[in-house]
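Taken in order, the sequence shown gives residues -22 to -1, 1 to 525; the numbers are from mature numbering (1 follows the signal peptide of the UniProt record, and there is no 0). Note that beta-carbon positions come from the ideal geometry of N, C-alpha and C, so glycine has one too. One structure is given here, and the rest of the page talks about it.
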Amino acid sequence: MKKNILLIILFLIFQLCQVLKAYKVLVYSQTLTRSHVILNAKVAEALASDGHNVTILEVEYMEPLTEFEGSSAKGVKKISVRTDLNKAKETIQGRLTEIYFKEATAWSLITGYKNDEDFQNTINEVCEHFLDTQTELIEQLKNEKFDLFIGEQINFCGSALSYLFGIPIHILLVSCPIQEHVSSLVGMPFPASYVPSIYGVPMSDKMSINQRFSNLVATFVHERAFYYGIEELNELFRRRFGSNYPTIQNVVKETPLVFVNVDEFVDFPRPINPNVVYIGGLGFNKTTTKTTNLKEPYLTEINKGRGTIYFSLGSLLNTNTLPNNFIKNLFASFGSLKEWHFIVKISEGDEHSLEMSKNYSNVFLTSWAPQRAILEHPNTKLFISHGGYNSLMEAALSAIPIISFGFFAEQRRNSLVPERNGWGKSFNKALLLNGKEEFVGGIQTILNDPKYAEEAKRLSKLLANKPFSAREKLLKNIRFLEQNGGYLPELLSEARNLSVFQIYNLDILIILGILIFGFLIIFVLLIKYFLNLFIAFFRFKSKDKRE
């Protein structure tokens, strides 16, 4: 009995020591989309559950804070900051709507660079608004004496603020596949010969010479666009806090750990640095039990027909903004597959879709759906998606084949990952503007060919059997960092301090080129000199013979 009591006391002392050693963490959450907010909340909640003292600073970027009221992570303090949202939302939403059906080419990326600059300016204005209106909060956060900062890569306002708040340790959280500018900032290779650009021309990792050229252009353009935004932020903070304020580049390059919201099995293979940790699927149940707690009306709807096909374009894309022909042919496609039942998620207030679908008895519309529960149900046979990464992960974990459209940003690239690995297909959404036949054919191909379902099951098994979960990798690495002083210089690549010329040895190649060119000139001059001597000699000989 005494032995058991002693063990309990020792256990409690150990737990208390863990809490006392815990970090005080600030998570900077940008409301760019719902998925960004959810990711930050999952990271915060996981850290809080491990004994860390976590605060989320939630700043209104694209989505209004009212969308997330009551959604604070368990055990986490949340500070919400409202901004001048309307301008940012209108500008960004308008730009996204413009590019939904535009074909991306190397030339369109170059000519569209101004749009990328406008996007950076818009989100930087949110940061400036924060600095203008939150002076009291800034002082409050300075006094909190946080140990650790975690922030995203779309806008580095949080990274700049972390220095202002006096936070010694900076952690980068990448919300999508690793982008070009992130690779550059932390000194990580981004070989454009086989790693598709995140926002570029949609292509897989097996590229023709033309595709490699387009990918190279896309890689350069988007890296420059983000660096433009970074330099604008540098100027903003130096105007406010003095010319000695450190650049974002200097803050980010010292980050000891980079957490990436990607799973290795649901992305293109690529080289990474030793301080990069993949945590894709964080917060998702990684086992597929095919049991569900579906409630009505979904439970009735999902059991209709030969099987159910679930359709959703995510939370950011408004189905009200899609072209008339696209919606018309989309529902005509569903209606023609009468033996299958479709659960279709549309935006709230989308009367147009309601009107277009009313004559199809095998189509059920809803403005909200329990997506994971639907995908987990054994009667669900296919997921038709926009290609958002969270949707890809949910399909992969649920062993469901997928058809992805890819409307903007990394969605077009994401859509090609299932196609590469055999558990889905990417579909050119522009084809639905002119008819339904090819889309219907694509759906039938996946439903009728068992290889897609088999590959989806294999992927789900791979994810379920991984030696460490995303949560374990996050928590163990943070604890490891804590136990070693918060700094891991052994893992930091020297490439982060090198210029492009040095990284790719272009300076050496230029010097070699100059030397080779110099030797060639000397060689040519010598040949010319000896040739002239030879000609002069023969002329002299000929003259002697004549004399």
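Out of the options, which has the shortest C-alpha to C-alpha gap to residue i?
{"i": "Glu460", "options": "Ala84, Arg217, Pro234", "result": "Pro234"}
{"i": "Glu130", "options": "Leu109, Thr113, His107, Cys154", "result": "Cys154"}
{"i": "Met371", "options": "Asp245, Gln189, Glu232", "result": "Asp245"}
{"i": "Asn302", "options": "Pro224, Lys454, Glu333", "result": "Glu333"}
{"i": "Leu150", "options": "Asp125, Glu232, Ile492, Thr423", "result": "Glu232"}
{"i": "Phe446", "options": "Phe134, Leu25, Ala203, Gly259", "result": "Gly259"}
{"i": "Thr297", "options": "Met185, Ile324, Leu277", "result": "Ile324"}
{"i": "Ala22", "options": "Tyr6, Thr11, Ser13", "result": "Tyr6"}
{"i": "Ile57", "options": "Asp94, Asn99, Glu122, Lys92", "result": "Glu122"}
{"i": "Glu114", "options": "Val59, Leu126, Gly496, Gln189", "result": "Val59"}
{"i": "Phe219", "options": "Leu360, Leu142, Ala351", "result": "Leu142"}
{"i": "Asn426", "options": "Asn228, His107, Lys359, Phe386", "result": "Lys359"}
{"i": "Lys454", "options": "Ile257, Phe497, Ile421", "result": "Ile257"}
{"i": "Asn399", "options": "Ile488, Ile128, Ala374", "result": "Ala374"}
{"i": "Lys20", "options": "Asp485, Gly283, Asn368, Arg457", "result": "Asn368"}
{"i": "Val195", "options": "Ile305, Val230, Glu158, Thr225", "result": "Glu158"}
{"i": "Phe124", "options": "Thr423, Pro146, Lys282", "result": "Pro146"}
{"i": "Gly464", "options": "His14, Asn253, Pro275, Phe134", "result": "Asn253"}
{"i": "Ile156", "options": "Val104, Val236, Asn222", "result": "Val236"}
{"i": "Val160", "options": "Lys120, Ser140, Ile187, Ile132", "result": "Ile132"}
{"i": "Ser361", "options": "Phe304, Gly420, Ile305, Glu388", "result": "Per the sequence shown, residue 361 should be read as Phe rather than Ser. Nearest of Phe304, Gly420, Ile305, Glu388 to Phe361, Cα basis: Gly420."}
{"i": "Lys347", "options": "Glu274, Ile500, Ile492", "result": "Per the sequence presented here, residue 347 reads as Ala, with Lys not at that position. For the residues Glu274, Ile500, Ile492, the minimum Cα distance to Ala347 belongs to Glu274."}
{"i": "Glu106", "options": "Arg474, Arg217, Ile486, Asp485", "result": "Arg217"}
Residue i to residue j, Cα distance in whole Å?
{"i": "Ile116", "j": "Gly144", "result": "11 Å"}
{"i": "Val3", "j": "Ser182", "result": "38 Å"}
{"i": "Phe215", "j": "Ala138", "result": "8 Å"}
{"i": "Gly365", "j": "Phe383", "result": "6 Å"}
{"i": "Glu81", "j": "Pro169", "result": "24 Å"}
{"i": "Val(-4)", "j": "Leu440", "result": "For Val(-4), the predicted model reports a pLDDT of 47, less than 50, meaning its position is unreliable and no value from the coordinates is stated."}
{"i": "Gly261", "j": "Arg449", "result": "7 Å"}
{"i": "His30", "j": "Ala(-1)", "result": "5 Å"}
{"i": "Asn99", "j": "Val502", "result": "54 Å"}
{"i": "Phe508", "j": "Arg517", "result": "14 Å"}
{"i": "Ala514", "j": "Leu504", "result": "15 Å"}
{"i": "Trp401", "j": "Asn212", "result": "44 Å"}
{"i": "residue 536", "j": "Val322", "result": "Not covered by the structure: residue 536. The range shown for the chain is -22 to 525."}
{"i": "Gln112", "j": "Gly136", "result": "14 Å"}
{"i": "Asp94", "j": "Lys316", "result": "43 Å"}
{"i": "Lys55", "j": "Ala26", "result": "10 Å"}
{"i": "Ala351", "j": "Val478", "result": "47 Å"}
{"i": "Ser175", "j": "Arg248", "result": "12 Å"}
{"i": "Leu466", "j": "Val32", "result": "22 Å"}
{"i": "Leu476", "j": "Lys52", "result": "42 Å"}
{"i": "Ile424", "j": "Gln349", "result": "20 Å"}
{"i": "Phe386", "j": "Asn281", "result": "33 Å"}
{"i": "Lys309", "j": "Ser331", "result": "In the sequence as displayed, the identity of residue 309 is Phe instead of Lys. Their Cα atoms are separated by approximately 8 Å."}
{"i": "Asn510", "j": "Gly496", "result": "21 Å"}
{"i": "Gln422", "j": "Ala377", "result": "18 Å"}
{"i": "Asp96", "j": "Thr61", "result": "18 Å"}
{"i": "Phe417", "j": "Phe320", "result": "15 Å"}
{"i": "Ile101", "j": "Pro180", "result": "25 Å"}
{"i": "Val230", "j": "Leu498", "result": "45 Å"}
{"i": "Glu242", "j": "Asp328", "result": "37 Å"}
{"i": "Asn228", "j": "Leu119", "result": "22 Å"}
{"i": "Glu279", "j": "Leu295", "result": "24 Å"}
{"i": "Phe191", "j": "Ser363", "result": "29 Å"}
{"i": "Ile305", "j": "Thr299", "result": "10 Å"}
{"i": "Asn458", "j": "Leu17", "result": "Note that residue 458 is Phe in the sequence shown here, rather than Asn. Straight-line Cα distance between these residues: approximately 22 Å."}
Going by beta-carbon coordinates alone, are residue i and residue j separated by less than 8 Å?
{"i": "Gly178", "j": "Leu35", "result": "no"}
{"i": "Asn357", "j": "Gly313", "result": "no"}
{"i": "Glu38", "j": "Thr9", "result": "yes"}
{"i": "Pro379", "j": "Tyr430", "result": "yes"}
{"i": "Ile381", "j": "Phe405", "result": "yes"}
{"i": "Lys435", "j": "Val255", "result": "no"}
{"i": "Ser335", "j": "Arg12", "result": "no"}
{"i": "Ile226", "j": "Met166", "result": "no"}
{"i": "Lys403", "j": "Asn307", "result": "no"}
{"i": "Tyr91", "j": "Ala203", "result": "yes"}
{"i": "Glu201", "j": "Ser162", "result": "yes"}
{"i": "Asn340", "j": "Gly283", "result": "yes"}
Since residue i and residue j should fall inside the 8 Å C-beta cutoff, what is the C-beta to C-beta distance between them, to a whole number of angstroms?
{"i": "Val152", "j": "Val238", "result": "4 Å"}
{"i": "Glu326", "j": "Ser311", "result": "So it is not a contact: roughly 23 Å between Cβ atoms."}
{"i": "His148", "j": "Phe127", "result": "5 Å"}
Using a Cβ cut-off of 8 Å (strictly closer), state whether residue i contacts chain B.
{"i": "Pro396", "result": "In summary, chain B is missing from the structure at hand, where a single protein chain is found."}
Can we say the segment 384 to 396 touches the segment 409 to 424, given the rule of at least three CB pairs closer than 8 Å?
no
Inter-stretch contact at 8 Å, needing at least 3 Cβ pairs: the segment 286 to 306 / the segment 463 to 476:
no
Kindly confirm or deny that the segment 343 to 356 and the segment 201 to 220 touch, where touching means at least three C-beta pairs closer than 8 Å.
no
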